[in-house]
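For the sequence shown, UniProt numbering gives the first residue as 1, with consecutive numbering after it. Backbone N, C-alpha and C fix where the C-beta goes; we use that ideal spot for every residue, glycine too. Working notes, structure below.
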Amino acid sequence: MAQATARHILVSTEAKAAELKSAIEGGADFAQIAKENSSCPSGRNGGELGSFGPGQMVKEFDTVVFSAPINVVQGPVKTQFGYHLLEVTSRS
Numbered sequence: 001m002a003q004a005t006a007r008h009i010l011v012s013t014e015a016k017a018a019e020l021k022s023a024i025e026g027g028a029d030f031a032q033i034a035k036e037n038s039s040c041p042s043g044r045n046g047g048e049l050g051s052f053g054p055g056q057m058v059k060e061f062d063t064v065v066f067s068a069p070i071n072v073v074q075g076p077v078k079t080q081f082g083y084h085l086l087e088v089t090s091r092s
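Shown next as structure tokens:
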């Protein structure tokens, strides 16, 4: 079964997610941005979500995590929780 590790940043607006993505693409540290901005408890750990398989996350999240290139920030991805920036750190 496929497994992935990923990290994410959760914010309430698409505009904020886009702003943070631009900062990261401009060289800002993903983990630091997560610690300062993410409303998810994982933000304290730089957005790290650990390892998980298909179907363990919400559908919109799952679709991106199991198809996106590794180490490329994706998003904003809208879910019932808000807007996510996602980065897949490994997949097997």
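Per DSSP, cross-strand counterpart(s) of residue i
i, result
"F52", "A4"
"S92", "According to DSSP, which records beta bridges pairwise, S92 is partnered with nothing at all."
"E36", "None; E36 has no bridge partner."
Top-ranked residue by Cα proximity to residue i, from the options
i, options, result
"N45", "G27, E25, I33, A4", "I33"
"N37", "V64, I9, M57", "I9"
Secondary structure of residue i, DSSP reduced to three states
i, result
"P69", "coil"
"G75", "strand"
"G82", "strand"
"T13", "coil"
"V64", "helix"
"S22", "helix"
Residue i beta carbon near the ligand ZN (any heavy atom closer than 7 Å)
i, result
"A34", "The model depicted lacks the ligand ZN and carries no ligand whatsoever."
Problem set entry | Cβ pair count under 8 Å reaching 3, the region 74–83 against the region 5–19 | Verdict: yes, contact present.
Problem set entry | Cβ pair count under 8 Å reaching 3, the region 84–91 against the region 56–71 | Three or more pairs of CB atoms, one per stretch, sit closer than 8 Å, so the region 84–91 contacts the region 56–71.
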